[in-house]
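Visitor:
Protein chains: 4
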Amino acid sequence: MSISKFLCEKTSALSVKRERRKDARPGELLDAALDLFVEKGFAATRAEEVAARAGVSKGTLFLYFQSKEELFKAVVRENISGRFKEWNEEFETFEGTAAEMLSYCMTSWWDRVGATRASGITKLMMSEAGNFPDITAFYQQEVIQPGQALIRRIMQRGIDRGEFRPLNLDYAIYSVIAPMIFLVLSKHSAGTCGDPALLGNAEKYIAAQVDTILYGLSVQPAGKPAKGKA
Amino acid sequence: MSISKFLCEKTSALSVKRERRKDARPGELLDAALDLFVEKGFAATRAEEVAARAGVSKGTLFLYFQSKEELFKAVVRENISGRFKEWNEEFETFEGTAAEMLSYCMTSWWDRVGATRASGITKLMMSEAGNFPDITAFYQQEVIQPGQALIRRIMQRGIDRGEFRPLNLDYAIYSVIAPMIFLVLSKHSAGTCGDPALLGNAEKYIAAQVDTILYGLSVQPAGKPAKGKA
Amino acid sequence: MSISKFLCEKTSALSVKRERRKDARPGELLDAALDLFVEKGFAATRAEEVAARAGVSKGTLFLYFQSKEELFKAVVRENISGRFKEWNEEFETFEGTAAEMLSYCMTSWWDRVGATRASGITKLMMSEAGNFPDITAFYQQEVIQPGQALIRRIMQRGIDRGEFRPLNLDYAIYSVIAPMIFLVLSKHSAGTCGDPALLGNAEKYIAAQVDTILYGLSVQPAGKPAKGKA
Amino acid sequence: MSISKFLCEKTSALSVKRERRKDARPGELLDAALDLFVEKGFAATRAEEVAARAGVSKGTLFLYFQSKEELFKAVVRENISGRFKEWNEEFETFEGTAAEMLSYCMTSWWDRVGATRASGITKLMMSEAGNFPDITAFYQQEVIQPGQALIRRIMQRGIDRGEFRPLNLDYAIYSVIAPMIFLVLSKHSAGTCGDPALLGNAEKYIAAQVDTILYGLSVQPAGKPAKGKA
DNA sequence: GATGAATGAGACTTCATTCAT
DNA sequence: TATGAATGAAGTCTCATTCAT
Chain A
34 MSISKFLCEK
44 TSALSVKRER
54 RKDARPGELL
64 DAALDLFVEK
74 GFAATRAEEV
84 AARAGVSKGT
94 LFLYFQSKEE
104 LFKAVVRENI
114 SGRFKEWNEE
124 FETFEGTAAE
134 MLSYCMTSWW
144 DRVGATRASG
154 ITKLMMSEAG
164 NFPDITAFYQ
174 QEVIQPGQAL
184 IRRIMQRGID
194 RGEFRPLNLD
204 YAIYSVIAPM
214 IFLVLSKHSA
224 GTCGDPALLG
234 NAEKYIAAQV
244 DTILYGLSVQ
254 PAGKPAKGKA
Chain B
34 MSISKFLCEK
44 TSALSVKRER
54 RKDARPGELL
64 DAALDLFVEK
74 GFAATRAEEV
84 AARAGVSKGT
94 LFLYFQSKEE
104 LFKAVVRENI
114 SGRFKEWNEE
124 FETFEGTAAE
134 MLSYCMTSWW
144 DRVGATRASG
154 ITKLMMSEAG
164 NFPDITAFYQ
174 QEVIQPGQAL
184 IRRIMQRGID
194 RGEFRPLNLD
204 YAIYSVIAPM
214 IFLVLSKHSA
224 GTCGDPALLG
234 NAEKYIAAQV
244 DTILYGLSVQ
254 PAGKPAKGKA
Chain C
34 MSISKFLCEK
44 TSALSVKRER
54 RKDARPGELL
64 DAALDLFVEK
74 GFAATRAEEV
84 AARAGVSKGT
94 LFLYFQSKEE
104 LFKAVVRENI
114 SGRFKEWNEE
124 FETFEGTAAE
134 MLSYCMTSWW
144 DRVGATRASG
154 ITKLMMSEAG
164 NFPDITAFYQ
174 QEVIQPGQAL
184 IRRIMQRGID
194 RGEFRPLNLD
204 YAIYSVIAPM
214 IFLVLSKHSA
224 GTCGDPALLG
234 NAEKYIAAQV
244 DTILYGLSVQ
254 PAGKPAKGKA
Chain D
34 MSISKFLCEK
44 TSALSVKRER
54 RKDARPGELL
64 DAALDLFVEK
74 GFAATRAEEV
84 AARAGVSKGT
94 LFLYFQSKEE
104 LFKAVVRENI
114 SGRFKEWNEE
124 FETFEGTAAE
134 MLSYCMTSWW
144 DRVGATRASG
154 ITKLMMSEAG
164 NFPDITAFYQ
174 QEVIQPGQAL
184 IRRIMQRGID
194 RGEFRPLNLD
204 YAIYSVIAPM
214 IFLVLSKHSA
224 GTCGDPALLG
234 NAEKYIAAQV
244 DTILYGLSVQ
254 PAGKPAKGKA
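Protein chains in written order, with the working numbering: chain A, 34 to 263; chain B, 34 to 263; chain C, 34 to 263; chain D, 34 to 263.
1. Have a look at C:Gln174, C:Leu232 and C:Glu61 and flag the residue whose alpha-carbon is nearest the alpha-carbon of Lys220 (chain C).
2. Whether or not the stretch 144-158 of chain D and the stretch 104-117 of chain D are in contact is what I'm after, with contact meaning three or more pairs of Cβ atoms, one per stretch, closer than 8 Å; do they touch?
3. Answer yes or no: the CB of Asn164 (chain C) versus the heavy atoms of the ligand SAH, is any distance below 8 Å?
4. Could you list the residues in the stretch 203-215 of chain B with a C-beta less than 8 Å from some C-beta on chain A, going in chain order?
5. Between the C-alpha atoms of Thr225 (chain D) and Glu196 (chain D), what's the straight-line distance to the nearest angstrom?
6. Which word fits Val209 (chain A), buried or exposed, when buried means at least 16 other C-beta atoms lie within 10 angstroms of its C-beta?
7. Thinking C-beta only, is Ile154 (chain D) closer than 9 Å to Val83 (chain D)?
8. Can you name the residues of chain D whose CB is closer than 7 Å to the CB of Ser173 (chain C)?
9. In terms of alpha-carbon separation, which member of C:Arg58, C:Gln99 and C:Pro166 lies closest to Arg86 (chain C)?
10. Helix or strand or just coil, what does DSSP make of Glu128 (chain A)?
11. Taking CB distances under 9 Å as the criterion, tell me whether Asp228 (chain B) reaches chain A.
12. Are any of the Cβ atoms in chain A nearer than 9 Å to that of Leu250 (chain B)?
13. Thinking C-alpha only, which one of A:Phe117, A:Lys55, A:Gln173 and A:Pro166 is nearest Leu183 (chain A)?
14. Are the C-beta atoms of Glu102 (chain C) and some chain D residue less than 9 Å apart?
15. Are the C-beta atoms of Lys262 (chain A) and some chain B residue less than 9 Å apart?
16. Does any residue of chain D bring its CB to less than 9 Å from the CB of Ser114 (chain C)?
17. Helix, strand or coil for Cys226 (chain A) per DSSP?
18. Measuring CA to CA, which of B:Ala211, B:Arg185, B:Ile214 and B:Pro212 is closest to Leu200 (chain B)?
19. Looking at Tyr207 (chain D): is its Cβ nearer than 9 Å to the Cβ of Pro212 (chain C)?
20. By the 10 Å Cβ neighbour count, where 16 or more other Cβ atoms means buried, how is Arg198 (chain D) classified, buried or exposed?
21. Take Ala151 (chain C) and list the residues in its own chain whose beta-carbon comes closer than 6 Å to its own, dropping the five residues that flank it on each side.
22. Could you check what DSSP says for Gln99 (chain C) in three-state terms: helix, strand or coil?
23. Looking at the secondary structure, which residues open and close the alpha helix (DSSP H) in which Phe165 (chain C) lies?
24. Looking at chain B, is there any beta carbon in it that lies within less than 9 Å of the beta carbon of Gln253 (chain A)?
25. Distance, Cα to Cα, Leu247 (chain A) vs Gln173 (chain B)?
26. Do the CB positions of Leu104 (chain B) and Leu63 (chain B) come within less than 9 Å of each other?
27. What residues in the stretch 148-160 of chain C bring their beta carbon closer than 8 Å to a beta carbon of chain D?
28. For a contact defined as C-beta to C-beta under 9 Å, what are the partners of Ile177 (chain A) on chain B?
29. Return the first residue and the last residue of the alpha helix (DSSP H) that Thr155 (chain D) is part of.
30. Between C:Thr93, C:Asp228 and C:Ala131, which lies nearest to Gly191 (chain C) when the distance is taken from Cα to Cα?
31. Cβ of Asn121 (chain B) less than 9 Å from any chain A Cβ?
32. From the beta carbon of Gln242 (chain C), is the nearest beta carbon of chain D less than 9 Å away?
33. Give a yes or no on whether 9 Å exceeds the smallest Cβ distance from Thr169 (chain C) to chain D.
34. Could one say the Cβ of Ile184 (chain C) lies closer than 9 Å to chain D's Cβ atoms, at least one of them?
35. Let me know the secondary structure DSSP gives Thr149 (chain D) once reduced to three states.
36. Thr140 (chain D) to Ile239 (chain D), Cα distance in whole Å?
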């Protein structure tokens with residue numbers, strides 16, 4: 034290796050290291066902010082705490098985010114963008130029954146969202162929605178609507194194929210959505226809904242919900258099953 | 034009636050009225066506080082706003098509540114006291130199938146809690162649980178546990194009577210709880226879960242959930258499934 | 034005096050005292066702010082200093098003025114409103130030569146503005162004009178333009194009556210204005226223009242300027258020049 | 034020229050250029066700082082802005098100036114050094130009447146100071162004098178006093194030669210100084226004194242002031258008043 | 001020398017809480 | 001009891017200044 038090359042790389046290495054530092058900062062801050070916002074709420078989280086958890090000083094935080102509110106927005110954006118594109122594609126190509134799809138949907142949702150830190154966003158949005166109308170609109174459009182549309186599509190397929198009863202999907206989709214929402218909220222709300230034991234057994238909980246949804250609560254043998262006036 | 038008696042009664046009436054006024058103060062403040070805490074969160078609600086909405090001055094609020102935090106605690110306590118005694122008793126004497134019970138449970142919960150301002154407590158607790166550990170423990174003990182116990186008892190009865198499949202109730206109860214939680218959160222979270230259309234049709238939503246829970250999503254091959262009168 | 038009257042007045046007295054306090058606060062704060070802004074500039078003056086000089090706490094200042102900037106605006110408004118109405122009227126009815134008028138104008142300006150704390154506004158505006166465009170526009174319209182119009186009217190009268198040479202008033206008015214501006218700036222600028230000795234003898238300075246303006250620097254060979262009584 | 038010499042010179046030229054660049058840095062920073070300080074005031078000007086306008090980074094500014102305050106002092110010193118030596122000498126050898134001298138003094142002041150960026154120093158000093166006592170003393174000694182002494186000498190000569198009336202120069206000098214101060218302040222104060230139209234016609238304004246000063250406002254009945262070359 | 005990421009003191013502003021009236 | 005003017009602790013945000021690169 035020539036000297037010039039060496040020097041060049043050295044210089045490059047230096048700036049790269051520094052560069053990497055700079056590039057990493059926003060992410061570290063967003064990570065810290067997500068945790069704290071979820072844990073304590075937006076207002077109760079002090080900017081300095083976020084900075085401290087990210088290992089930087091107060092000033093640095095404001096170097097990367099114009100304000101605490103912008104930080105909040107960035108946290109939400111960071112954790113919800115572009116997941117649905119991928120998911121939708123996955124389901125376009127899914128082969129199997131609608132029941133399998135629904136089951137896969139809920140379990141994989143748990144693996145990819147529910148079990149991760151990203152699940153905190155749900156609680157975060159719920160608590161702060163009223164104070165950030167623009168973020169709320171954004172969330173509604175980018176998360177809620179695509180998510181519900183996906184569930185609806187799966188269920189519609191089930192109905193079309195004769196796997197599912199004909200249901201009013203305007204309400205039936207919530208049989209799938211509610212347990213998931215409920216689970217992540219249980220996780221992030223200090224036992225305010227659901228009990229703590231739930232969290233250690235989330236997979237079982239999911240499985241049970243899938244089971245209930247797909248099969249129904251009632252004994253089905255030959256019986257005189259419950260007639261829900263739907 | 035003697036004049037003196039008349040005067041006396043009049044006086045009494047006045048003072049009663051004033052007394053009532055005075056006694057009503059804390060309640061008015063709690064009402065105002067509940068609304069605002071639910072709407073904007075604890076930290077984002079200013080003491081002065083609460084006072085203003087209750088029609089008194091800032092000073093008066095602190096005459097009745099030592100601090101904003103005490104106000105919060107009082108709000109929660111006020112809205113969750115002793116409903117379960119009554120409910121439990123009601124179910125002790127309920128006659129009918131377990132399916133009918135469950136159906137009745139959910140619809141009457143909507144009428145008595147979900148559709149009232151009390152439903153805001155759920156969101157409130159969820160958002161602020163982390164900042165009020167003692168309240169959270171209290172809530173867990175006074176609301177969550179009795180509530181889940183009630184659901185569990187109903188479902189257990191269904192299993193015992195052969196109306197329901199044998200279920201792992203540790204998880205199955207959430208099929209009932211989740212939709213209710215989900216509904217009230219939808220109501221108080223600016224469309225952050227569920228869509229706004231849900232709220233105008235809460236009864237239909239409840240009915241649909243009851244139906245799904247009791248019947249199951251799946252086509253019932255030979256079934257005339259369990260008969261829940263929703 | 035009846036007891037009720039006494040009680041009534043006592044109550045009234047109490048609230049009046051408190052009321053007076055409240056009414057006085059803004060004025061006290063504006064006074065303090067004027068002094069400090071003039072002395073140290075807008076940015077270098079801390080809100081707490083202003084409050085302290087007015088004998089109140091930091092918080093109180095923000096009780097009366099939304100922000101430091103609003104305080105600044107209020108200071109400017111407070112000290113320049115409605116002086117010119119009075120002045121203009123005075124000059125409408127003035128009887129005497131234009132020279133006497135001009136002389137009177139400058140000396141009375143000194144008495145009413147130049148010698149008072151209000152003169153600090155000039156320096157204040159000068160320093161901060163660039164940072165407060167709207168205040169500057171306001172000042173231009175409410176102070177600069179009426180002031181120059183008044184001078185111009187007086188001089189025009191002098192020309193019309195044959196007392197003064199025909200002058201291009203677009204420039205000549207500044208012979209009157211400049212010395213006054215200069216004087217107040219000398220006063221508020223720590224000797225940055227003019228020397229400190231000037232200030233102890235402002236009246237003489239004014240007189241000398243009047244004299245020079247009216248008579249001219251030059252020896253008047255045969256003249257009986259307009260004799261302003263300096 | 035030998036090749037080595039050529040190379041040498043070339044090298045020299047390069048390093049000279051680089052040297053010049055390096056040497057020029059402080060000057061560029063001072064230039065940028067003068068503009069910004071004049072325009073926005075000392076406190077409202079951010080160090081980074083100054084650096085940016087000078088085309089360097091924030092860090093570089095502090096390489097050359099210990100602090101923002103030192104930068105301010107350097108700006109003032111840089112722009113008031115040693116002009117008066119030259120001026121005084123010029124006037125020692127000036128031939129002509131005192132009136133001509135005064136006229137020349139004012140017009141050439143405009144050309145050399147008033148019309149240049151240096152005029153900004155006047156406003157700068159005026160605004161910040163209170164916050165920089167040592168600079169103010171320096172300015173008083175290096176600028177104010179020599180400047181006033183020069184004017185005084187000229188006027189004294191006029192009196193001595195019988196061109197001017199016997200005047201109290203302690204005050205009369207301000208007839209000359211005030212219009213000049215006034216003009217540069219008009220220029221730098223966003224219309225807070227004088228009107229914007231003034232600035233496009235500064236020469237006419239100067240001429241008019243010279244005229245007024247030398248001739249006087251009044252009608253000169255029989256006189257041949259001193260004719261200032263307006 | 002030059003850079004610009006990082007710092008942290010310091011200023012503005014808010015708002016729960018007090019207390020004289 | 002009720003008020004609302006006053007307070008000052010606490011939090012957000014800025015920016016002069018430093019220093020590793």
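Where is the CB? At the ideal position from N, CA and C, for every residue including glycine.
Guide: This is what the structure gives:
1. The closest CA to that of Lys220 (chain C), considering only C:Gln174, C:Leu232 and C:Glu61, is found on C:Leu232.
2. In this structure the stretch 104-117 of chain D touches the stretch 144-158 of chain D; the number of beta carbon pairs closer than 8 Å is three or more.
3. As presented, the structure is devoid of all ligands, the ligand SAH included, so that no description of it is given.
4. So the close ones are Asp203, Tyr204, Ala205, Tyr207, Ser208, Ile210, Ala211, Pro212, Ile214 and Phe215.
5. Taking the straight line from one Cα to the other gives about 36 Å.
6. By the C-beta density criterion, Val209 (chain A) is buried, having at least 16 other C-beta atoms within 10 angstroms.
7. Going by C-beta atoms, Val83 (chain D) is not nearer than 9 Å to Ile154 (chain D).
8. Looking at the sequence shown, residue 173 (chain C) is not Ser but Gln. Annotation: Cβ neighbours of Gln173 (chain C) in chain D (cutoff 7 Å, chain order): Gly224.
9. Between Arg86 (chain C) and the set C:Arg58, C:Gln99 and C:Pro166, the nearest pair of CA atoms involves C:Arg58.
10. Glu128 (chain A): coil per DSSP, three-state reduction.
11. Yes - at least one Cβ of chain A is within 9 Å of the one on Asp228 (chain B).
12. Confidence in Leu250 (chain B) is poor, its pLDDT being 47 and thus under 50, which makes the residue's placement too unreliable to answer from.
13. The shortest Cα separation from Leu183 (chain A) among A:Phe117, A:Lys55, A:Gln173 and A:Pro166 belongs to A:Phe117.
14. By this cut-off, Glu102 (chain C) is not an interface position.
15. For Lys262 (chain A), the predicted structure reports a pLDDT of 38, less than 50, and the residue's modelled location is therefore unreliable. The matter cannot be settled from this model.
16. Not closer than 9 Å to any Cβ of chain D, the Cβ of Ser114 (chain C) fails to qualify, so no.
17. Here Cys226 (chain A) carries a coil assignment [DSSP, helix/strand/coil].
18. With distances taken between Cα atoms, Leu200 (chain B) lies closest to B:Arg185.
19. Against a cut-off of 9 Å, the Cβ pair of Pro212 (chain C) and Tyr207 (chain D) comes out as a contact.
20. Classification for Arg198 (chain D): buried.
21. The beta carbon of Ala151 (chain C) sits closer than 6 Å to the beta carbons of Asn112 from its chain, once the five residues preceding and following it are set aside; these are given in chain order.
22. Gln99 (chain C) falls in the coil class under three-state DSSP.
23. Secondary structure note for Phe165 (chain C): it is in no alpha helix (DSSP H), with a DSSP letter that is neither H nor E.
24. Here the model assigns Gln253 (chain A) a pLDDT of 45, short of 50, so the residue's position is not dependable, and the following value carries that caveat. So yes, Gln253 (chain A) belongs to the interface.
25. Approximately 31 Å between the Cα atoms of the pair.
26. Yes, these two residues count as a Cβ contact at 9 Å.
27. Correct list: Thr155, Lys156, Met158, Met159 and Ser160.
28. Residues of chain B whose Cβ lies closer than 9 Å to the Cβ of Ile177 (chain A) are, in chain order, Gly224, Thr225, Cys226, Gly227 and Asp228.
29. First-last of the alpha helix (DSSP H) with Thr155 (chain D): Gly153 to Glu161.
30. When the alpha-carbon of Gly191 (chain C) is set against those of C:Thr93, C:Asp228 and C:Ala131, the nearest one is in C:Ala131.
31. Chain A, which has no Cβ nearer than 9 Å to the Cβ of Asn121 (chain B), makes this no.
32. Closer than 9 Å to the CB of Gln242 (chain C) there is at least one CB belonging to chain D.
33. Interface annotation, Thr169 (chain C): in contact with chain D, CB-CB separation under 9 Å.
34. No, its Cβ sits nowhere closer than 9 Å to a Cβ of chain D.
35. Coil, per DSSP.
36. Cα to Cα, Thr140 (chain D) sits roughly 7 Å from Ile239 (chain D).
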